[in-house]
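S.K.: Input: one structure, supplied below.
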Amino acid sequence: MSALIKALENITYSTKQTDVNAKGRGLLYQLKNFNFILGHYMMDPILTMINKVSKYLQSENCDLLSAMNYIKSLRSAINDIRSECNFKYIYDLTVSMCKNLDVTIPKPKKRKISQRIDNGGSNQFFPDTNEQELRLGSFYPMLDIIMNGLDERFNQDTINIISSIDKLLNLDITNTERLNSLMLIAIEQEIAVHIDVDAVIDDFKNKVDYKRTMTL
């Protein structure tokens, strides 16, 4: 990002075209902003993971079970990002970039925020630092919204159903042969139950056109 801003500054301040200069200044005003830089560092790893999963889900060789595993891995990875140490790393990167670009770092606002999205207010409190405010007021809620969205679209019942269907569709040869053998046995047993033994014996006698002899 630093290289991009420096290149944009060079173009903006060296051009003699007024429209290019005006657009460049507008872009620099938006880029050289603490919230924009923080959002960039927060979203970059998440969007990278989502993009990889999205490409696989749209690929021709995508199968149901692998797709569900990708979704579960994505949710797990996003949940792992939701930690104080991970946000501290992101926040420190943002502060360092802002200092290099001479961007103002805002002070914390005195307002109540929640640690997690819910319907109650029992977990609300006033943050002490800007880092804490942004972590609890922006970072965590953003991750919660993403994970809730994944849970709504790919709930556990759906995953279990798809996994069961996939197992049926991907029976290997050994299991298929065993399944056919079991079905054949079941059919033969059902037929055997309804066989009239006396009728079979009589039919056999009528079809045999030779006399049996017994050697003494």
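Under the UniProt record's numbering, the first residue of the sequence shown is numbered 1, with each subsequent residue one higher. Even for Gly, the Cβ is constructed at its ideal location relative to N, Cα and C. Here the structure is a predicted model, which is why all the values come from computation and not from measurement.
Assign Ile-145 to buried or exposed, taking buried as 16 or more other Cβ atoms, counted over all protein chains shown, within 10 Å of its Cβ.
M.R.: Taking the first residue of the sequence shown as position 1, residue 145 is located at position 145. Ile-145 comes out exposed.
S.K.: Give me the residue from Arg-82, Arg-25 and Ser-76 with the minimum Cα distance to Leu-8.
M.R.: The residue you call residue 8 lines up with position 8 of the sequence shown. Closest by alpha carbon: Arg-25.
S.K.: Below 8 Å CB to CB, which residues in the same chain sit around Ile-11 once its five sequence neighbours on both sides are set aside?
M.R.: Translated into positions along the sequence shown, residue 11 becomes position 11. Val-20 and Gly-24.
S.K.: Applying the criterion that 16 or more other CB atoms from any shown protein chain within 10 Å of the CB defines a buried residue, is Tyr-29 buried or exposed?
M.R.: As a position in the sequence shown, residue 29 is number 29, starting the count at 1. Answer is exposed; the Cβ neighbour count stays below 16.
S.K.: Just to confirm, is the Cβ distance from Leu-57 to Ala-67 under 7 Å?
M.R.: Mapped onto the sequence shown, residue 57 falls at position 57. Mapped onto the sequence shown, residue 67 falls at position 67. Yes. Within cutoff.
S.K.: Tell me the DSSP secondary structure of Ile-173 in three-state form.
M.R.: Stepping through the sequence shown from its first residue, residue 173 is reached at position 173. Reliability fails at Ile-173, whose pLDDT of 43 lies under 50, so the model's placement of it is uncertain and no value is given.
S.K.: Tell me, to the nearest whole angstrom, how far the beta carbon of Val-95 is from that of Lys-32; I am working on the premise that it is less than 8 Å.
M.R.: Residue mapping note: residue 95 aligns to position 95 of the sequence shown, counting from 1. Residue mapping note: residue 32 aligns to position 32 of the sequence shown, counting from 1. Val-95 to Lys-32, Cβ: 14 Å. No contact.
S.K.: Apply the 10 Å Cβ neighbour rule to Ile-105 and answer buried if 16 or more other Cβ atoms are within range, or exposed otherwise.
M.R.: Within the sequence shown, the letter at position 105 stands for residue 105. Label assigned to Ile-105: exposed.
S.K.: Find the nearest neighbour of His-40 within the set Lys-55, Ile-71, Gln-132 and Ser-138, judged by alpha-carbon distance.
M.R.: Mapped onto the sequence shown, residue 40 falls at position 40. Of the candidates Lys-55, Ile-71, Gln-132 and Ser-138, the one whose C-alpha sits nearest the C-alpha of His-40 is Ser-138.
S.K.: Starting from the C-beta of Lys-97, find all residues in its chain whose C-beta is less than 7 Å away, skip the five residues before and the five after it, and write them out in chain order.
M.R.: Walking along the sequence shown from the start, residue 97 turns up at place 97. The amino acid at residue 97 is misidentified as Lys; the sequence shows Met. Around Met-97: Met-1, Ser-2 and Ile-37.
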